[in-house]
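Sequential numbering of the sequence shown, starting at 1, is according to the working numbering. Backbone N, C-alpha and C fix where the C-beta goes; we use that ideal spot for every residue, glycine too.
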Amino acid sequence: MKTKLLSLLFILIYVNIFAQQQNGIHEVPTEISEIANTFINYNNDFKVSSNKSKLLNNLNSKITGNSLTDSELNSKIEKIKDKAYNPKMLNMFFANNIASYVTSSKDLSLQKTYAVLDTDEGAFFFGYNINVGAKSKIDNLKHIFNIGAHAKSKDGFVTIYKEKEYSKELGFSARYTYLFGRNINFSRNQRVAMQEHRINYLQKEFAADLAKFKDTITIDTELEAKIEYTKPNDQDRKNEVQETYIKTYEKIATAEEKFLTDNNLYNHISQWWFTIYGYLPITEHEYKISSSITNSNFGTNNVLNYKFAGLLTFMQKWNSSRVLYLTGSASVFNNNNIMSQELKSYDFQTIQSQGGLNQAVESKDNIYVGEFKKGITKSIKLECISFFIKDIIGLSAYVERNYKTFESTNWKLGIPVSLKDKEDKPSVNFELQWKEINKEHILGISIGYIFGKSLK
1 MKTKLLSLLF ILIYVNIFAQ QQNGIHEVPT EISEIANTFI NYNNDFKVSS NKSKLLNNLN
61 SKITGNSLTD SELNSKIEKI KDKAYNPKML NMFFANNIAS YVTSSKDLSL QKTYAVLDTD
121 EGAFFFGYNI NVGAKSKIDN LKHIFNIGAH AKSKDGFVTI YKEKEYSKEL GFSARYTYLF
181 GRNINFSRNQ RVAMQEHRIN YLQKEFAADL AKFKDTITID TELEAKIEYT KPNDQDRKNE
241 VQETYIKTYE KIATAEEKFL TDNNLYNHIS QWWFTIYGYL PITEHEYKIS SSITNSNFGT
301 NNVLNYKFAG LLTFMQKWNS SRVLYLTGSA SVFNNNNIMS QELKSYDFQT IQSQGGLNQA
361 VESKDNIYVG EFKKGITKSI KLECISFFIK DIIGLSAYVE RNYKTFESTN WKLGIPVSLK
421 DKEDKPSVNF ELQWKEINKE HILGISIGYI FGKSLK
């Protein structure tokens with residue numbers, strides 16, 4: 001009995017790790033008549049691939065003992081071989097759920113082109129995502145490259161060029177994200193509901209659309225007529241057929257994904273991703289420094305504030321729309337005692353006499369008082385964000401330790417709020433924050449505006 005149970009446990013673990021990641025076992029057809037079999041292929045993609053079926057059968061043959069009858073054991077293995085949800089549909093489902101909170105350029109976003117206005121950093125970021133290896137919405141999303149441009153923002157306005165000079169705070173960033181370890185947990189009733197909907201509803205809904213692709217002797221399909229007049233060679237014809245097939249497959253997957261989402265037919269989902277991030281300024285940041293608050297003569301220090309970081313994030317979302325993000329990160333960056341908030345700033349005004357008793361402010365400068373210091377800082381950070389009211393409002397916290405130069409332990413407590421657009425994508429994220437930076441307590445509000453188009 002122990003041998004049989006251990007073998008069955010191994011089967012469960014093996015299939016749980018690998019079966020959910022399958023992208024289908026059939027090839028994309030190149031003949032028009034084969035598009036009529038799209039639903040059959042969609043349904044067959046619920047099966048474990050043939051090589052893994054052989055492994056299951058081999059394990060079955062090695063099981064000894066009489067704790068389970070052969071029919072009972074075979075029944076359990078057959079259930080394992082059948083996946084509850086189509087893996088390509090799950091690719092869409094995960095892509096629509098894993099990135100719901102974006103506040104800065106380091107956060108994962110699945111928008112193809114997007115912009116973030118971050119009031120906490122006083123910066124504007126424009127990013128472009130490159131989805132590597134996934135050509136359609138039903139492909140597995142694993143590798144994302146991001147390139148972006150940064151500019152300093154003041155009062156919601158971004159200055160790039162002024163008085164024959166470029167802004168002192170322009171830069172570019174690059175980010176690579178690897179997504180892995182996704183999982184979906186569901187009950188037997190949820191599985192049955194998905195299967196019944198697929199067979200009793202989806203199959204009938206798409207029957208008429210798929211039937212038009214069947215090849216007949218007397219009637220040409222619409223696609224045949226289109227190809228006849230627009231595609232000059234065989235390869236172009238095959239490409240047109242494959243593109244039509246993928247779009248048809250996507251329609252079925254989209255309908256089932258909507259049914260899954262609308263009815264919350266899962267207990268929870270989880271996903272891991274690892275990110276490497278680098279920021280390189282192309283113009284120097286200018287700091288104006290004075291030796292004392294009574295000395296109106298000041299000097300300038302120009303610094304390139306570069307940064308490199310690695311981040312590991314775990315996300316879990318429940319069907320109640322509760323979401324948890326856990327992130328650990330390590331970074332190295334060019335630091336100074338202004339960024340660490342050791343030096344205080346003051347407004348210095350230059351007064352010009354207008355004759356008599358009249359005076360006017362000629363210029364106003366933000367000056368830091370004290371001795372300017374800079375150095376390389378290493379940092380580790382642990383952050384937790386939890387949304388517990390329908391993915392809209394929650395709690396957040398982080399603790400950060402800086403090493404080498406400007407050593408400090410910083411922390412933050414916050415109440416994040418994420419507002420969604422009509423497609424349920426994050427559009428405005430703001431957070432009431434109470435934090436300690438270099439032993440100084442700060443209370444304020446951070447706001448991130450997101451504008452973008454979904455990655456396809």
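Give the DSSP-derived three-state secondary structure of residue i in the structure shown.
| i | result |
| --- | --- |
| Y449 | strand |
| E440 | strand |
| F298 | coil |
| F388 | strand |
| A211 | helix |
| Q354 | The predicted model places Q354 with a pLDDT of 49, which falls under 50 and marks its position as unreliable; any figure quoted below should be read in that light. In this structure, Q354 counts as strand in the three-state DSSP scheme. |
| N305 | coil |
| A95 | helix |
| R182 | strand |
| S457 | A question about residue 457 goes unanswered here, because the residues of the chain that appear run from 1 up to 456. |
| T248 | helix |
| F430 | strand |
| V323 | strand |
| T103 | coil |
| T64 | Bear in mind that a pLDDT of 49 at T64, under 50, signals an unreliable position, so the model cannot answer this. |
| K137 | coil |
| L382 | strand |
| V241 | helix |
| K435 | strand |
| N23 | Unreliable positioning characterises N23 in this predicted model, as indicated by a pLDDT of 42, which lies under 50. A coordinate reading is not provided. |
| N200 | helix |
| K456 | Unreliable placement is indicated for K456, whose pLDDT of 48 sits below 50; no coordinate value is reported for it. |
| E423 | coil |
| E121 | coil |
| L260 | helix |
| L90 | helix |
Given a cut-off of 7 Å on the beta-carbon distance, is the pair residue i and residue j in contact?
| i | j | result |
| --- | --- | --- |
| A309 | S329 | yes |
| N264 | H285 | no |
| N131 | I147 | no |
| S270 | N183 | yes |
| S173 | Y245 | no |
| V323 | F387 | yes |
| F126 | A95 | no |
| K214 | A36 | yes |
| I447 | V369 | no |
| H268 | Q316 | yes |
| F430 | T377 | no |
| S321 | K390 | yes |
| L108 | Y449 | no |
| F406 | A115 | no |
| R401 | I380 | yes |
Determine which residues share a DSSP beta bridge with residue i and list them.
| i | result |
| --- | --- |
| P281 | G171 |
| N335 | G375 |
| T254 | Answer is none; T254 lacks a bridge partner. |
| G127 | Y114 and G148 |
| D347 | N366 |
| L311 | T275 and S329 |
| S270 | N183 and Q316 |
| Y176 | F145 and I276 |
| S290 | V369 |
| V132 | H143 |
Specify, as a first and last residue, the run of the alpha helix (DSSP H) that residue i falls within.
| i | result |
| --- | --- |
| Q341 | Careful: Q341 lies outside any alpha helix (DSSP H) and carries neither H nor E. |
| E400 | Per DSSP, E400 belongs to no alpha helix (DSSP H); it is in the beta strand (DSSP E), I393 to K404. |
| I40 | T38 to N44 |
| A193 | R188 to H197 |
Using beta carbons (cut-off 7 Å, strictly below), is residue i in contact with chain C?
| i | result |
| --- | --- |
| Y279 | Any reference to chain C falls outside this structure, which holds one protein chain only. |
What residue range is occupied by the uninterrupted beta strand (DSSP E) comprising residue i?
| i | result |
| --- | --- |
| P416 | S408 to K420 |
Following a CB-centred definition, is residue i positioned closer than 6 Å to any heavy atom of the ligand COA?
| i | result |
| --- | --- |
| P29 | You won't find the ligand COA in this model; it holds no ligand whatsoever. |
Item to check | Any 3 or more C-beta pairs closer than 8 Å across the stretch 439-447 and the stretch 367-377 | outcome: Segments in contact, no.
Next on the checklist: Using 8 Å as the cut-off, can you tell me whether the stretch 239-257 makes contact with the stretch 311-327, which would need three or more C-beta pairs spanning the two stretches below that distance?
Outcome noted: Short answer: they don't touch.
Checklist entry - Counting Cβ pairs closer than 8 Å, one from the stretch 393-400 and one from the stretch 408-419, do we hit at least three? => result When C-beta atoms of the stretch 393-400 are compared with those of the stretch 408-419, three or more pairs fall below 8 Å, so the two segments count as touching.
Checklist entry - Pairing CB atoms from the stretch 170-179 with CB atoms from the stretch 272-279, are three or more of them under 8 Å? => result Yes: the two stretches touch, three or more of their Cβ pairs being nearer than 8 Å.
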